[in-house]
Amino acid sequence: MSGGYWGRFLKIDLEKSKASPLELESEVYWKLIGGKGVGLYLLYKMLTPKTSPLSPDNPLILATGPLVGTSAPSSSRVAIVSKSPLTGGLLHSYMGGRFGPELKFTGYDGVVITGEAKEPMVLKIEDSNLEFIPAEELWGMRNSEVGRHLKETHPSFSYISIGPAGENLVRYACIYSDGRIAGRGGGGAVMGSKNLKAILVKGTNRKIPLHRRQEFMNVVKSCIRILRMHKVTAFKLPKDGTSWILKHINSAGILPIRNFQRGYSEKANSLSGEEWRKEGYWKSSERCPGCIIGCTKRVDGATPEYETIWSLGPMIGNFSKEGIMELDSLCDDLGIDAISAGGVVAFVMELSERGLLKMESETALTPKWGDVSAVKNLLLSIAMRRGFGDLLAEGVRIASEKLDGETSRYAMHVKGLELPGYDPRGAQGIGLNYATSDRGGCHCRGWTIGKEILGFLGGAEPTNPYGKAELVISEQDTTAVFDSSIVCIYAGMALMLKDIWRLLKTATDIPLPTPYDLLKTGERINNLARLFNLREGITPNEDILPRRLMEEPASDVHDENRVVMLDEMLDEYYQLRGWRDGVPTEETIERLGLSDILDSQARWS
Amino acid sequence: MKLRLRNILREDGKAVVVAADHGLMIGPFVKGVVGFRGTLERVLKGEPDAVLLSPGMVKKYGYLFTRRTGIIMRLDWTNIFRSAEYVPLTPRTPVHIKLGSVLDAMKMGVDGVLVYFFLGYSDDVYESRDYKLVHEVARECEEYGMPFIVEPLPRGPRVTGANFPDLVALGVRMAVEAGADLLKVPYTQDIETFQGVVDAAEGVPILILGGARGVTDMEPLDMLHEAMQIGVNGVVYGRNVIESPDPTKTLRMIHGIVHEGLTPKEALDKYGEEK
Numbered sequence: 001m002s003g004g005y006w007g008r009f010l011k012i013d014l015e016k017s018k019a020s021p022l023e024l025e026s027e028v029y030w031k032l033i034g035g036k037g038v039g040l041y042l043l044y045k046m047l048t049p050k051t052s053p054l055s056p057d058n059p060l061i062l063a064t065g066p067l068v069g070t071s072a073p074s075s076s077r078v079a080i081v082s083k084s085p086l087t088g089g090l091l092h093s094y095m096g097g098r099f100g101p102e103l104k105f106t107g108y109d110g111v112v113i114t115g116e117a118k119e120p121m122v123l124k125i126e127d128s129n130l131e132f133i134p135a136e137e138l139w140g141m142r143n144s145e146v147g148r149h150l151k152e153t154h155p156s157f158s159y160i161s162i163g164p165a166g167e168n169l170v171r172y173a174c175i176y177s178d179g180r181i182a183g184r185g186g187g188g189a190v191m192g193s194k195n196l197k198a199i200l201v202k203g204t205n206r207k208i209p210l211h212r213r214q215e216f217m218n219v220v221k222s223c224i225r226i227l228r229m230h231k232v233t234a235f236k237l238p239k240d241g242t243s244w245i246l247k248h249i250n251s252a253g254i255l256p257i258r259n260f261q262r263g264y265s266e267k268a269n270s271l272s273g274e275e276w277r278k279e280g281y282w283k284s285s286e287r288c289p290g291c292i293i294g295c296t297k298r299v300d301g302a303t304p305e306y307e308t309i310w311s312l313g314p315m316i317g318n319f320s321k322e323g324i325m326e327l328d329s330l331c332d333d334l335g336i337d338a339i340s341a342g343g344v345v346a347f348v349m350e351l352s353e354r355g356l357l358k359m360e361s362e363t364a365l366t367p368k369w370g371d372v373s374a375v376k377n378l379l380l381s382i383a384m385r386r387g388f389g390d391l392l393a394e395g396v397r398i399a400s401e402k403l404d405g406e407t408s409r410y411a412m413h414v415k416g417l418e419l420p421g422y423d424p425r426g427a428q429g430i431g432l433n434y435a436t437s438d439r440g441g442c443h444c445r446g447w448t449i450g451k452e453i454l455g456f457l458g459g460a461e462p463t464n465p466y467g468k469a470e471l472v473i474s475e476q477d478t479t480a481v482f483d484s485s486i487v488c489i490y491a492g493m494a495l496m497l498k499d500i501w502r503l504l505k506t507a508t509d510i511p512l513p514t515p516y517d518l519l520k521t522g523e524r525i526n527n528l529a530r531l532f533n534l535r536e537g538i539t540p541n542e543d544i545l546p547r548r549l550m551e552e553p554a555s556d557v558h559d560e561n562r563v564v565m566l567d568e569m570l571d572e573y574y575q576l577r578g579w580r581d582g583v584p585t586e587e588t589i590e591r592l593g594l595s596d597i598l599d600s601q602a603r604w605s
Numbered sequence: 001m002k003l004r005l006r007n008i009l010r011e012d013g014k015a016v017v018v019a020a021d022h023g024l025m026i027g028p029f030v031k032g033v034v035g036f037r038g039t040l041e042r043v044l045k046g047e048p049d050a051v052l053l054s055p056g057m058v059k060k061y062g063y064l065f066t067r068r069t070g071i072i073m074r075l076d077w078t079n080i081f082r083s084a085e086y087v088p089l090t091p092r093t094p095v096h097i098k099l100g101s102v103l104d105a106m107k108m109g110v111d112g113v114l115v116y117f118f119l120g121y122s123d124d125v126y127e128s129r130d131y132k133l134v135h136e137v138a139r140e141c142e143e144y145g146m147p148f149i150v151e152p153l154p155r156g157p158r159v160t161g162a163n164f165p166d167l168v169a170l171g172v173r174m175a176v177e178a179g180a181d182l183l184k185v186p187y188t189q190d191i192e193t194f195q196g197v198v199d200a201a202e203g204v205p206i207l208i209l210g211g212a213r214g215v216t217d218m219e220p221l222d223m224l225h226e227a228m229q230i231g232v233n234g235v236v237y238g239r240n241v242i243e244s245p246d247p248t249k250t251l252r253m254i255h256g257i258v259h260e261g262l263t264p265k266e267a268l269d270k271y272g273e274e275k
């Protein structure tokens, strides 16, 4: 390989405190790019089927991609790949900041961590040199404290860490890095299960090899121009952050209020990014290295964005900015994914409202809608797994199974992952995406909202299921390419797949004659993800939405037919994917060149 | 060449056109639409080769034009640009209709008419209806000797980041096959994929459109200069001119790139400075 990669991962065994390089064949990179794709490949190969996600044998993979560490815009990313404690399927979650490029500068494309340390520890990686630092005194610390400590003791290193939620194996614990979060799927719990409080990383190989350097730099220049000429990346995101969309989501009637009971609230408009800015809440803008967008808006003690504003706001009946800031900051500090946290809290709030919580220990801890102070107590109980919080730390799926059958109606999740902030009854495509996403009820691995609600590129009729299978597949496969390269999906609002194609074919020697070949790569990655999930026991029966979304018409969407018409979209989706009853056929596996990958042995050394 | 086309393309075969028809599609929510007379006067001071206007604005302000600047009239309307950041009424069903006739345009004394051609929606019938509209206007233009300008735009759920350049090329070719005299085309933002678009045009002049404005004047100038290197004939810029703090100066820089062959840096040195 002549550019974009080092061609090797570092395999670290925490139990034996040993590491060895893991070299990969070019074919793996060519076919799966990096990030999500290569991380998934390693997971598929290394994980014994049906291994518990919290077992020492579940690898925690931190993968970069060929564009990470280069001057490609918005490429300061790292992918966290593992088996998810929340869904039992594929976990892939991403974060910006300095950690991704620093990891790449070690001379490895990523690390694969297995085993369980005997005592709490911090793993320190400096190029090929490792240090296993006992971290007894850090255990129990919140993320902000850990960050302060690590920055004091290792100022030139980047870090990721977990909070108390990760230590206590909360199934939706996140991974934190200096205000950046890899939130979804429970990566923090996987770290916690390995007694790994934090990872420090520093590399000295700061010049990433590039296949055709000068041409690559020209493509970078044109990509920057595209970002500076697109209304969203040049103006909306830098000015108002990701929550600029909130009022539009609300006016479309798809902003989930109080656990998806409603889709619109007049009060919610005050939470749009524009309002935060006008009222002086945005203290500063932050951007990842090499990013020209700067979507992160810092307020006192937190960096709320669309999803967290929604999940800790309207989803739980809270319309106070101060309340959202407090809860957002607390989630980050405890190390809890804010989307799942909002989903769990809203779930028990609705159960309480409906009289479905029987035990006093349950009702006593359950807040009323919008009671921020009580929510804080509940989040603390969850993070520490105290009392009722212990059950809620399992997520809404397991909690509803254990409470009683009727409560499952109000558990808003797909495959165990709590739903994000778009009510699919008013945007059919996002409903299909929730149902089929490889990491469960996820919005950003196939974000149709740009077209369905915001009118990007001429839009797509939101309430019409016709044609949505094709749209969802295209968005999912495109996103898989962004997640594997790795380029931030916000940049993807302006940069097209053909731009990533131009970056990749100058940075690397991956044979990519046309952009369609790259789209096919995305398709290949998503099929491999499907095969992984099937192997781990997630059946096509789980390609389904909560009953509420398929049976209860939404009251705030302006058209008729306000339930998700999943069945007809799903049939077409399977057909277009080349899946029979939800399972990739042999022909599909062959067409995508996956049989070679699955059969061939990686060259381990 | 139709004689009126000389009022748009200069002797060098190139043109600097300002699109000022945003009010028709997006209403008063784009800067410059409200107080349009002042906007138009500032634009005309920069002496563009032509300005694109809605029928209503031709009727209202046509008298402001001198012989230096031609008028292109938009002969259609669509709801698809009502994206959320501008209009609180995003479309659920895409609609595209013809407004008036080429004979109306003749009577108003304009120098060319322009219509969109959309491709990429889920409903294939929609594309065929759209292409029929293009043909109808083409036939009328032939009858009256009116320059016919088409703006092919990939739009809708079936447009992807992979097929966008090919859809632009397809739309361009279909417009040419329908008889377009001039094309207003979205630049794919790179020479590699846009070369296929230029090749598809069979020599029919291409003016690239600007889309949203840049953070500074330099991004659209840089884009234009790049496109000129592969045989584009000029530009139709709207917001990049209208929303500029000094449209006259911006237009002079654009003229420098299109008609004088200057680089953005040279145009900046000669006619303006980066804001």
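Going down the list, the sequences are from chains B and G. According to this note's numbering, the first sequence holds residues 1 to 605 in order. According to this note's numbering, the second sequence holds residues 1 to 275 in order. In this text, a Cβ means the ideal position worked out from N, Cα and C, and glycines have one as well. On a predicted model such as this, the values are computed, not experimentally measured, just so you know.
Quick one: does residue i have its CB under 9 Å from some CB of chain B?
| i | result |
| --- | --- |
| Thr-263(G) | no |
| Glu-177(G) | no |
| Asn-233(G) | no |
| Pro-91(G) | yes |
| Gly-210(G) | yes |
| Glu-274(G) | Per-residue confidence for Glu-274(G) stands at a pLDDT of 48, beneath the threshold of 50, marking its modelled position as unreliable; no derived number is given. |
| Tyr-63(G) | no |
| Pro-147(G) | no |
| Arg-4(G) | no |
| Pro-245(G) | no |
| Cys-75(G) | For the sequence presented, residue 75(G) should be read as Leu rather than Cys. No, its Cβ sits nowhere closer than 9 Å to a Cβ of chain B. |
| Pro-205(G) | no |
Just the chain B side, please: which residues come within less than 8 Å of residue i by C-beta, in chain order?
| i | result |
| --- | --- |
| Ile-80(G) | Gly-455, Gly-458, Gly-459 |
| Met-223(G) | Arg-225, Met-229 |
| Phe-118(G) | Gly-458 |
| Arg-83(G) | Here the sequence assigns Ser to residue 83(G), which means Arg is not the residue at that position. Under the 8 Å cutoff, chain B gives Leu-454, Gly-455, Phe-456, Gly-459. |
Since I believe residue j is in contact with residue i (beta carbons under 8 Å), could you give me their beta-carbon distance rounded to a whole number of angstroms?
| i | j | result |
| --- | --- | --- |
| Met-229(B) | Glu-219(G) | 5 Å |
| Leu-594(B) | Arg-524(B) | 6 Å |
| Glu-470(B) | Pro-157(G) | 7 Å |
| Leu-182(G) | Ile-149(G) | 4 Å |
Closer than 9 Å, CB to CB, is residue i near chain G or not?
| i | result |
| --- | --- |
| Trp-604(B) | Confidence at Trp-604(B) is low in this model, with a pLDDT of 34, below 50, so its placement is unreliable and no value can be given for it. |
| Tyr-466(B) | yes |
| Pro-462(B) | yes |
| Leu-519(B) | yes |
| Val-563(B) | no |
| Val-299(B) | no |
What in chain G is Cβ-close to residue i, meaning under 7 Å?
| i | result |
| --- | --- |
| Lys-451(B) | Pro-157 |
| Tyr-516(B) | Ala-162 |
Quick one: which chain G residues come within Cβ less than 8 Å of residue i?
| i | result |
| --- | --- |
| Glu-307(B) | Ordered by position in chain G, no residue passes the 8 Å Cβ test against Glu-307(B), which lies about 18 Å from the chain. |
| Ser-222(B) | Gln-189, Asp-190, Glu-226 |
Against residue i, what residues of chain B qualify as contacts under a CB-to-CB distance less than 7 Å, listed in chain order?
| i | result |
| --- | --- |
| Val-150(G) | Chain B residues near Val-150(G): none, gap ~17 Å exceeds 7 Å. |
Quick one: list the residues of chain G neighbouring residue i, beta-carbon separation under 9 Å, in chain order.
| i | result |
| --- | --- |
| Ala-234(B) | Ala-212, Arg-213, Gly-214, Val-215, Glu-219 |
What does residue i touch in chain B if you count any residue whose Cβ is under 9 Å from its own?
| i | result |
| --- | --- |
| Pro-28(G) | Neighbours of Pro-28(G) on chain B: none; closest Cβ ~17 Å, over 9 Å. |
Less than 8 Å separating the Cβ of residue i from some heavy atom of the ligand NAD?
| i | result |
| --- | --- |
| Asp-499(B) | This structure does not include the ligand NAD; it has no bound ligands of any sort. |
inquiry  = So, does the segment 333-350 of chain B touch the segment 162-180 of chain B, judging by three or more C-beta pairs under 8 Å?
reply    = yes
ask   = Using a Cβ cut-off of 8 Å, which residues of the segment 161-193 of chain G contact any Cβ in chain B, in chain order?
value = Gly-161, Ala-162, Asn-163, Phe-164, Pro-165, Thr-188, Gln-189, Asp-190, Glu-192, Thr-193
ask   = What are the residues of the segment 468-502 of chain B that lie near chain G, defined by any Cβ-Cβ distance shorter than 7 Å?
value = Glu-470, Leu-471, Ser-474, Thr-478, Met-496, Leu-497, Lys-498, Arg-502
request  = Can you give me, in chain order, the residues of the segment 241-255 of chain B that have a beta carbon less than 7 Å from any beta carbon in chain G?
outcome  = His-248, Ser-251
Short-range partners of chain B found in the segment 120-138 of chain G, where Cβ spacing is below 9 Å = Gly-120, Tyr-121, Ser-122, Asp-123
query = Taking one C-beta from the segment 198-214 of chain B and one from the segment 144-161 of chain B each time, how about it: are there three or more such pairs within less than 8 Å?
reply = The segment 198-214 of chain B makes contact with the segment 144-161 of chain B; the number of CB pairs closer than 8 Å reaches 3 or more.
inquiry  = Under 8 Å, with one C-beta from each stretch per pair, do the segment 131-140 of chain B and the segment 24-34 of chain B reach the 3-pair mark?
reply    = No: fewer than three Cβ pairs fall under 8 Å.
ask   = Any contact of the segment 243-256 of chain G with the segment 266-284 of chain B, i.e. 3+ C-beta pairs under 8 Å?
value = Result no; under three Cβ-Cβ pairs closer than 8 Å.
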